[in-house]
Amino acid sequence: MSPVHFIAVPLFAAFLIPLIGKVSKELVKIIPGIVLLYLSYLSISLFPIGVNRPIVEIIAGFNPPFGITLYYGPIAAFLTTLITLVGFVIWLYSYKFIIREPTEKYYMLFMMLITGSTGIVLTGDIFNLFVFFEITSIAAYSLTAFLRDRDGAEAAFKYLLIGSFASTFFLLAIAIIYANIHTLNLADIASKIKDIPLTTRLFILILIIIGLGIESEMFPLNGWAPDAYSQAPSPVGAVFGGIVVKAAIYSLMRIIFLMFHTADVLHFLVVMGVITLLIAEMSAMKQQQIKRMLAFSSIGQMGLVIIAFGVGTEPSVRAAMFQMFNHALIKSLLFFAAGYLVFHSGSKKISALDGLGHDKPITSFFFAFGALAIIGLPPFSGFWSKLYILLSVADAGLMVPVVLILISSIIEAVYYLRVVSRLYFYKEEATDVRRTPVSGLVAMGILTVVILIVGFYPNLILHWMTPAANDLLDKAAYIKFGLFH
Amino acid sequence: MYNDKEASKIVDIIKNFARKHSLWIVAYGTGCGAIELPPTMTSRYDAERFGIRGSATPRQADVLLITGYLSVKTLKRVIRTYEQMQEPKYVIGFGSCTINGGMYWDSYNTIKALDRYLPVDVYINGCMPRPEAVISGFIKLQELIAQGKADGAKRYQENLEWYRENQRKVIKNWRMPEYNW
Amino acid sequence: MEINWSTILGIIFTPIIAFIVGVTYGGLTRVITARVQNRYGPPIFQNLLDIIKLYSKESNINHGVMQHLGPVFAITASVTTLFFVPVIKDSTVFTNFSFHGDLIFLLYIMVFGSLGMALGAGQTGNPNSAIGVSRGLSQLVGYEVPFVMALVAIMIQFQTTNLNDLLAVQDHFTKWIIFQSPFAFLAAILAFLGMMGYAPFDVVIAPAEIASGPPSEFGGKYLGLMLTSRSIFTFAKLVLFTDIFLGGASDFITLLIKTFILYMIPVLTGIVFPRYRTEQSIRFFWSWPLFFGIIAILVVVF
Amino acid sequence: MNSIEYILFITFIGAGLTFIVHHALPKLRDTLAILVSALDLYFVIQAISEKSKVVLSIADFHLIWKTTPYNNLFAVLIAVLGFLTILYAHDFMSSKDRLGYFYMNFLFALGGMYGIVYSQDFISLFFFWEIMTWASFLLVIYCCKDAQPIGLKYFVFSAIGAYSLLIAIVMLYSLSGNLELTNLISNFSNFSVSNQLIVVTLLLLGFGVKSAIMPLHVWAPGAYFISPSPFTALFSGALSKMGIFGIGLVLFKFAAQSGYFSYVQIILAWIGGITALLATFYAIFQTDAKKLLAYSSIGQLGYIIIGLAIGTPLSIASALFLTILHAAFKAMLFMATGAVYFRTGTTDMNSVSGLIRKMPFSFITALFGIITVSGVPPLGGFAAKWMLYESLIQSRHYFLVIVVFAASTAAFLYLYRFIFSLFLGQEEKEWEDVKEAPLLMVIPMLILSAFVLVVGVFPGLILDPISQSMNYLGNFNFNYETSVLFNEWGNQVDMQTVVNTIGAVFLIVGLIITFKGFKKTRYVSTKDIHTSGEIPQENENLTYAVDFYKPFERAIAPILKSSIDKIYTGIANNLEQAFDYLRYVYTGNGQTYAMYVVFFLSLLILFAELIFGINL
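Chains as they are written, first to last, in the working numbering: chain A, 1 to 485; chain V, 486 to 666; chain W, 667 to 968; chain D, 969 to 1584.
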């Protein structure tokens, strides 16, 4: 029972699934569920340990800095829990949603994606990070094109194009680092980074920012996102919004806080975050397709998270984590609901949603709920994280970002509420009532309940955020644990 | 002390005195007679001396002044106006046309004798009667009122059927609201 | 409030006197008008005869309870106004409740009647009545503003809102407020023209246009009641102005003289002027009277 | 568990339950809602006596609720109005659908308001402020498709207000580490003047939006117009009072400490005055009863804001008095209008007319309502207006008092228009078979009518709690008796004498006029009028309704030209256009995206030193 399972088990499952697919289709559908259930159980059971004292696993006997280590600290614990839980819910949703053959491929890619993202979160080695990154991205590319239609293929190609930029630059950065200080262990790099001459370090920083910024949807590197989100099947959208991006942002922040933790870099992050937020929300305003709208909205949310990270104080990082958590849940809920709404209305257009509130009352209710939650209205969980971000940003004395964030959230409110009122009030009579499959409803129900509970007891999450934030901010501790445990 | 019969008599005297000295006329300016009213009211023959003045609506008026011939169409309006007035109310037929049709004696669409359709209290003959005549007519009416003999309204009530009959005879499209008491 | 005989006497006699004086003034108006138009004119008690005649009408009609109550509202307002104005300066009988109310109360109770009247006229369903009411209310907004300005100026100047205090202030004729703040007087008297509703401000009851407007459906006892309340109200307003500007009156003779002089202002203007259109009269009230009012206030401030 | 906990708990749980009950067994839904509001009322009364306090630790904040006289005043207002409106809603809404939704949001709004008034710290205030906002938003868009843009406008403006509140809150937090009211009040004087001003301005802005002060009022007419009448009554009566509540708190707890208080007062007072005047002018030319009432209530809130801003004891008293009274009479008027709507299906003043004999109780309610609004004695409105004028004059605001007086005189116009068009005038054939509203709708109206009458005679009854809450706001003392009001120069007006006089004369004359010639006095229909002898046809329209105040409109034409609403709409449209262009940053073309990446890279490399600095 060790963090390794987080990577090994889904990877193994991923390889197993096609073989089983030959035997029975049903089993294929079941297995990921079991795996994710196990992983969530594992993550929850490991959680207290990881939070108290980081577990450092050593792969294949070599001690760090030579061997590959897994660093299971508080933040890793938190993120793995988040990933596995959201993953489980997504599986629950996909169970009835992904009816299109070949399902085993879908689940295999899904498992690989889980593997990759948990790996990104866990690994303590930068090259290993790159590898997991590739796993994730490749899985993501192929999931984007899963529907095998024209738009999907196009979106996947764009994603691949931009993604290849990302991996190239990231790899280049790693190469330069290795060439200079002959190590790949993050902790080790963090301790030695100062030996690299300044210009080289700047170059590395730029390469990393671009390489990881692409995956974490930083403007202007996020061109792939809207297409990928909107063309991929809905659960995949949830996967992107809930898992991939979170992992990417985590890795970006981890590297920046470890190696380039200076005021200027943080300011740069804040500025980029604000730009990302504003531009994303503004472009979301007039979108025609609902899933594109959701995509832009989640880019905006990422901008918010980047701002909060960029402020770089302990409460702000805490707030950022909390926001990541809320966003993962709420955006998944929205994607789930939107998935069935689109599926039912038979068109991706928002204008086609008129009066669906009467045809699909429960799904529409979930969508409305998610909309209210993501705008940041009480008593939903979104309110607290937004409040905390604002408080922390203001505490750092940055009033301008506060105002801009609020303006952006007014815009957000406008376009979400437009959709909601379309759902309920644009057509009064129900045309044909169709049921959403139980598994989907259960998935959405779970998310809703969690959102409400967290909305009323934010401490449930916040309580664990403080150590996580410290883990991210406290470079010395990371080096200490990462190198000699 | 007076017994209440005499008391009521005294009250009647006061009432009649007041009525006599304040006659508000609603002048129904049909035909040519209307032209005689302005001189009657204005400075030359100042009729206000006798408390005579025009009133804006039949609700406030006491005297209905029919100046000249009445075509059948007009009769309808006149009847309506008369019935909207408050009692006691008086009608003055003004000019020969109201008496016997005057120069319209053989016209196909004027009424000849106003008395068959509305209870006239005082006629002023002449074509046209001069303002002096008009004023003397008013004074005659005042005398009648003082003696309590100007009971046109009462007559109209009592012989309503007769009046209605006559009215219906000339007015073909009879669409009048009932005159409820 | 303590009941004593002087109060009761005042309550009984004030309205009667007010009625008689008001009616006589009404008659005088007609006589004077006649004289100006080179006529002989009616007897001076003509209005009294009219009112008695109207009461003695045998049949009456109404269009519903609001029309029935409209004139009652009117007379309530006028009598109440009268009761809250000290008719005779520091006499125990004729300063009825003037200590229990003040100018602002008077401002409001004065519109009370016209609003009640408007409700009554409204129920008749006669378009002319509605038009008259709309004109009247519009004009009300016109002349209330300068009037209030004048009153505010005076209130601030003498630090009181009670009429008796104002009377106490102007104990000698040099201290009359008409001399102390003439601009306030100008504003108020111009507003007074509108208040009395004689030409050129008689847009409300414009007999030739809208068949006497609001009262056009009122006849018999209702009209009589309206005329009664109008007589009383005229007197009340005159007394109010006398108290505010002309230092009140300590006996009836002075009261009659002062009120008569005041009364002649609207009457004489009314005789010689044609009628304004409604918006013209509103604009008039918002031009010169407003200007005088502002001057009055500024004079007080600096 | 003490009363406040009960109140919040019951209301929110009740809200959820009604929604569920609506789907399970709809019969009980209304009863449940009424029960909840009744319980709230009971516990609010309880809370007054027991002085309860709640501290709830949530997300490392302490949310504090406490009963102070000021809070109780508003809480009672909300509770009573909520109870009556829900009672009214039972019949009014009976024919509608989505009732679970309606009642749930109704109770959520109520709960939000309770949370606001009892809150003693800014987090809980904001928390419930937002709940109230979205609940009311959902009720505004309740009816139909047309309501959507209006509701959105309402939400956007509320959001602007709420977020300016939030910015202020955030500033306060960063300035003085916590958000408890008592704490902030004591620390406030330590802040720098600029900070004080900014915070106060933002707070006033935030609260001002809800109470629809002039430049930010544009949401109100639409929202009041489109929302279902029972909620409109609550909306204008209680919900907009939350703004007043906040403004009072800000002015006398915070702004009073800063050196610039007098300027704030002047500016706010004039804003209130202009609001009152312009809103009245706009109200005069409305053709829909509910829009008219909406503008009217904007104007009334203008008076209240003036009263608060002037800040003399009498003026504050008048403001709070008017707050309570406005809740009552505006509820009455909206309920009466709702009753008309319930029976005729429209509130268009050009089409409805002559309902007085069909709906006498609604007429009486409307009559009392307009008399109270106009401030004519003997009803409650007079006391409030009187105190306001006196305080304005005695605090030497000469021209403001003129503005206010002009506004309240002009108010007669729209009030008469309202009652004339709906109830008086020609009794058209179209509305022959209209009946009086059902009992449960009439009862609340009559209760409120009785209330304004009693308050008119004995203003002291209301002035007692008001003076207590004023002592909470600061040491404001003023002189009054149960039925006598005094101004600061010692002049008095004795309501009882007034009422006795008026009553006596009215009674005597009324009896005389009724019984003189009783037999020969008869009722005639409104068709039997002086029409120069012409006999009006059955379908002939004799109603004078369209362009009722044309002459006045001509007189004040220049004022009406400007419309703030247009400006806002223009801004919104232009912004949307801009966004529409801006979204083409994402061309959907892979090469462009790749180009972005390259550009960004080159940018960073070029300005690396500049951006990331040298101390990396």
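All residues carry an ideal CB built from backbone N, CA and C; glycine is no exception. Computed from a predicted structure; not experimentally measured.
Straight-line CA distance for residue i to residue j?
| i | j | result |
| --- | --- | --- |
| H5(A) | I196(A) | 36 Å |
| T168(A) | F1156(D) | 55 Å |
| L462(A) | A1136(D) | 24 Å |
| L171(A) | I7(A) | 22 Å |
| W666(V) | E643(V) | Interpretation of W666(V) is limited by its pLDDT of 48, a score under 50 that renders its predicted location unreliable; the figure taken from the coordinates is listed afterwards. Taking the straight line joining both Cα atoms gives about 12 Å. |
| P18(A) | T69(A) | 30 Å |
| N704(W) | F685(W) | 28 Å |
| F1213(D) | V1422(D) | 24 Å |
| R318(A) | T1560(D) | 36 Å |
| L441(A) | F365(A) | 11 Å |
| I1476(D) | I499(V) | 24 Å |
| G1585(D) | S1417(D) | Nothing about residue 1585(D) can be read from this structure; chain D reaches only from 969 to 1584. |
| G886(W) | G1471(D) | 24 Å |
Among the options, whose alpha-carbon lies nearest the alpha-carbon of residue i?
| i | options | result |
| --- | --- | --- |
| I923(W) | V869(W), V687(W), M862(W), R701(W) | V687(W) |
| R941(W) | F867(W), S722(W), V835(W), L891(W) | F867(W) |
| L1381(D) | W1399(D), E1398(D), I1338(D), I1497(D) | I1338(D) |
| H766(W) | S1195(D), S1530(D), T1280(D), N1455(D) | N1455(D) |
| M500(A) | S142(A), N63(A), V23(A), L92(A) | Here chain A comprises residues numbered 1 to 485, so residue 500(A) is not present and cannot be evaluated. |
| I209(A) | F240(A), R254(A), A179(A) | R254(A) |
| I374(A) | A153(A), V56(A), I299(A), T80(A) | I299(A) |
| E57(A) | S2(A), I44(A), F47(A) | S2(A) |
| G786(W) | L1578(D), V1452(D), S1531(D), Y1384(D) | Y1384(D) |
| I1497(D) | V1344(D), T1511(D), T1377(D), K1484(D) | T1511(D) |
| V1402(D) | Y1309(D), A1352(D), F1388(D) | Y1309(D) |
| V311(A) | I405(A), S392(A), K386(A), N470(A) | S392(A) |
Could you check what DSSP says for residue i in three-state terms: helix, strand or coil?
| i | result |
| --- | --- |
| W671(W) | helix |
| Y575(V) | strand |
| R701(W) | helix |
| F918(W) | helix |
| W666(V) | The predicted model places W666(V) with a pLDDT of 48, which falls under 50 and marks its position as unreliable; any figure quoted below should be read in that light. Reduced to three states, the DSSP call for W666(V) is coil. |
| N794(W) | helix |
| K1353(D) | helix |
| S1087(D) | strand |
| V1410(D) | helix |
| F1253(D) | coil |
Let me know if residue i comes out buried or exposed under the rule of 16 or more other beta-carbons within 10 Å of its beta-carbon.
| i | result |
| --- | --- |
| R997(D) | buried |
| P955(W) | buried |
| S351(A) | exposed |
| P1196(D) | buried |
| R801(W) | buried |
Have a look at the DSSP bridge pairing and note the partners of residue i.
| i | result |
| --- | --- |
| R538(V) | W509(V) |
| H1030(D) | S1025(D) |
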